[in-house]
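Notes to accompany the following structure.
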Amino acid sequence: MFPKMQKAIKYKTRSQMLSLIPTCGKVAEIGVFRGDFSHEILQTCHPTELVLFDLWPDGPVDSGDADGKNPQVFGGSDLEKSVRLRFERSSHVRIFKGCSSQIREFPADYFDAIYVDGDHSHKGVKRDLVNSWRCLKHGGWLMGHDYEANSDKTNISYDFGVKDSVDEFCWQFGEFIHAFGMDGQVSYAIQVTKKNRLYYGRLYRIQIHLQRLLKRSLRKIQRFF
Ligand SMILES: C[S@@+](CC[C@H](N)C(=O)[O-])C[C@H]1O[C@@H](n2cnc3c(N)ncnc32)[C@H](O)[C@@H]1O
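Per the numbering used here, residue 1 is the first one in the sequence shown, and the count goes up by one each step.
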C-alpha cells in the first residue's frame, strides 16, 4: 500500500545525476538564470526538445553555482538576451519568459524529465512540483536543486522552503526520492510513478483535516484552563 521505499542513490554531483534521464527525450528546466545547467542538460541528455522557463524580471537576479557558491547578479533582461543568444543555434531549445506556471500549457504525460530550480519559496516549489508532475510521463524524472546543504562540501546553508515542499509533495502524491546529486547544495530526483496519487491524496487530506481538528481542540482546552 505504501510506496516501496528504497535507499536513495547518491551521485557526487547533479551533473552525474543527469545520467538517469534517457537520451533523446523531452526535458524542461524551470529557473534557467544564465543557462549553464541548461547547456549541461543539452550536452548530456541530447533531448529532442529542451524547454526553458524563467521569469527574468526587469530588476537584478542573483544565483550561485551547484554548490551555492560564487553568487552572481545580473539584470533579468540581460540574462534573457544572453540565454536566447546562447541557444539560438540549438533548434531543440524553446525558451519561455515569464512564470513557470506556463508549463501547465503543455499536455499531461509530455516530458521525460523536469528540473525545478525557479522560485525557491515553499509555495513556489510546491506549485512547480505539482504542475510538473502532471506534465511528466509515468517513469519520468522530477528533479530539482537546493533540497538541503551537503556539509561535506559547504558550510553555507540557505533557508529555502525546498526540503519541506519536496517532502510534503512526496507524501501527498505517494512518490519518493530515488537519488541525490551531492553538490554543496543537494539536488533530488523523484521517479514519477503516478500510481498512488488518489490514495495518498485522500490520506493527505485526512491528515490536514485531523491536524486542524487537533489545533482547534487544543485552543478550546487552553481557553478552558
Ligand atoms: C537559482 S537560479 C537558476 C539556476 C539554474 N537552474 C542553474 O543551475 O544554472 C533561479 C532562476 O529562477 C528564476 N525564477 C524565479 N522565480 C521564477 C518563477 N516563478 N518562474 C520562472 N522562473 C523563476 C529566476 O529568474 C532565476 O533566474
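Even for Gly, the Cβ is constructed at its ideal location relative to N, Cα and C.
Here the structure is a predicted model, which means the values were calculated and not measured.
{"Asked": "DSSP state of Glu49 mapped onto helix, strand, coil", "Found": "strand"}
{"Asked": "Backbone secondary structure at Asp63 - three-state DSSP", "Found": "The sequence given here places Ser at residue 63; Asp does not occur at that position. In this structure, Ser63 counts as strand in the three-state DSSP scheme."}
{"Asked": "Short Cβ contact (7 Å threshold) for Phe111 with Gly139", "Found": "no"}
{"Asked": "Leu142, enclosing alpha helix (DSSP H) - first and last residue", "Found": "Careful: Leu142 lies outside any alpha helix (DSSP H), inside the beta strand (DSSP E) at 136-144."}
{"Asked": "Close-in-space but distant-in-sequence residues of the same chain around Glu29 (CB under 6 Å, 5 per side omitted)", "Found": "Ser38, Leu52, Tyr115"}
{"Asked": "Those residues which DSSP pairs with Ala149 across a bridge", "Found": "Gln185"}
{"Asked": "Cβ contact check for the segment 78-85 and the segment 41-56: 3 or more pairs under 8 Å", "Found": "yes"}
{"Asked": "Nearest candidate by alpha-carbon position, reference Asp183, set Leu79, Gly144, Arg34", "Found": "Gly144"}
{"Asked": "Contact test: Phe53 Cβ vs ligand 1 heavy atom, cutoff 6 Å", "Found": "yes"}
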